[in-house]
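Inspection log for the structure reproduced underneath, given as structure tokens.
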Amino acid sequence: MNKNWLMVIVAAAFEIGWVIGLAHAYDFWTWFGTVIGIIISNYLLIKASGVLPAGTVYSVFVGIGTAGTVIIEILFFNEPFKISKILLIATLLYGVIGLKMVTDEEEKQGGNT
Amino acid sequence: MAWFILIIAGGFEAFSVAMLNQIQISRHKWIPITLFSLAFGTSLVLLSISMQSISMGTAYAIWTGIGVVGGTLIGMFLYGESKNVKRIFYISIVLASAIGLKLVS
């Protein structure tokens, strides 16, 4: 797990935060936190795209953001648990891990990114 | 009309992904950074307008789909990103899973 992939994952974690913030913020400090979350997640996205292909970065960002939001909604916001959700999160992780492996291979070959 | 707005929202999202590439190669970085922020902001506003008549899961799924596919295609054809079949396969898996999650939630 290198630094750039970690940045994409942290960016997605902040995205989960600000998406929840947009839906649930109610006073100055919760809105302030939401805006900071948007800035940090976009900053990390831009940084990671400097090294990894932007299309790859954005897909992983969206994928992890979506999976995380679904998990948080099940755990904290009383959304129903469904087997289909867990299966889709599993295929999503399979895709993310595959993407990381393909990107690493290309970097080793001197890549055409 | 809502569908048209939704497609335009997806277009703005794809454009902001393209700006992620442009930021890296631009000498005056503030220009693509500003365009990135404006395009993404506009995209979110249009998305929320379309959600007034299209259900949230469906709207989000289509919006993400256009943004990821559009952004990746622009990256491959304009910014020299890898056209590796395995890469396209795994991006499709991630995208299909994310869309599926939005539709079953």
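Order-wise, the sequence lines are chains H and V. Position one of the first sequence corresponds to residue 1 (UniProt numbering), numbered consecutively onward. Position one of the second sequence corresponds to residue 1 (UniProt numbering), numbered consecutively onward. Think of the CB as a built atom: it goes at the ideal place given N, C-alpha and C, for glycine as much as any other residue.
So, is G41(V) buried or exposed, given that buried needs 16 or more other C-beta atoms within 10 angstroms? In the second sequence, counting from the first residue as 1, residue 41(V) sits at position 41. With fewer than 16 other Cβ atoms within 10 Å, it is exposed.
Any C-beta of chain V sitting closer than 8 angstroms to the C-beta of L92(H)? To locate residue 92(H), count along the first sequence from 1; it is residue 92. Yes - at least one Cβ of chain V is within 8 angstroms of the one on L92(H).
Using a Cβ-Cβ cut-off of 8 angstroms, state whether A98(V) counts as contacting chain H. Taking the first residue of the second sequence as 1, we reach residue 98(V) at position 98. Answer yes: the Cβ-Cβ gap between A98(V) and chain H drops below 8 angstroms somewhere.
Determine, using beta-carbon pairs with one atom in the segment 30–40 of chain V and one in the segment 82–99 of chain V, whether at least three such pairs fall under 8 angstroms. no
Cβ atoms of L6(V) and I62(V): under 8 angstroms apart, would you say? In the second sequence, the residue the question calls residue 62(V) occupies position 62. In the second sequence, the residue the question calls residue 6(V) occupies position 6. Yes, Cβ-Cβ distance for I62(V) and L6(V) is below 8 angstroms.
With H, G and I counted as helix, E and B as strand and the rest as coil, what does DSSP make of L52(H)? Mapped onto the first sequence, residue 52(H) falls at position 52. Three-state result, L52(H): coil.
Step through the CB atoms of chain V and report whether any lies within less than 8 angstroms of the CB of V35(H). For the purposes of this step, residue 35(H) is taken as the residue at position 35 of the first sequence. Residue contact check for V35(H) against chain V: no CB pair falls below 8 angstroms.
Residues, ordered as in the chain, of the segment 48–69 of chain V that lie near chain H by beta-carbon distance below 7 angstroms: T64, V68
Against chain H, with Cβ distances strictly below 8 angstroms, would V45(V) count as a contact? Translated into the one-based positions of the second sequence, residue 45(V) becomes position 45. So no, V45(V) is outside the interface.
Suppose you measure from the CA of M19(V) to the CA of K3(H); what does that come to, to the nearest Å? Along the second sequence, read from residue 1 onward, the residue named residue 19(V) stands at position 19. Along the first sequence, read from residue 1 onward, the residue named residue 3(H) stands at position 3. Approximately 22 angstroms between the Cα atoms of the pair.
Nearest candidate by alpha-carbon position, reference V68(V), set L92(H), P80(H), A54(H): What you label residue 68(V) is simply residue 68 of the second sequence in a count that begins at 1. The shortest C-alpha separation from V68(V) is found at A54(H).
Contacts that Y58(H) makes with chain A (C-beta to C-beta distance below 8 angstroms): This model lacks chain A altogether, as its protein chains are H and V.
Taking its Cβ as the centre, do 16 or more other Cβ atoms sit within 10 Å of R87(V), making it buried, or is it exposed? Taking the first residue of the second sequence as position 1, residue 87(V) is located at position 87. The residue is buried, with at least 16 neighbouring Cβ atoms inside 10 Å.
Which chain V residues sit within Cβ distance under 7 angstroms of E79(H)? If you number the first sequence from 1, residue 79(H) lands on position 79. Residues of chain V passing the Cβ test: S105.
If V102(H) and N84(V) are in contact, beta carbons under 8 angstroms, what's the gap, nearest whole angstrom? Along the first sequence, one-based indexing puts residue 102(H) at 102. Along the second sequence, one-based indexing puts residue 84(V) at 84. Confirmed, about 6 angstroms.
List the endpoints of the continuous alpha helix (DSSP H) containing A13(H). Within the first sequence, the letter at position 13 stands for residue 13(H). That run of the alpha helix (DSSP H) goes 3–24.
Out of curiosity, what's the CA-to-CA distance linking T66(H) and I16(H)? Counted from its first residue, the first sequence places residue 66(H) at position 66. Counted from its first residue, the first sequence places residue 16(H) at position 16. Roughly 8 angstroms between the two C-alpha positions.
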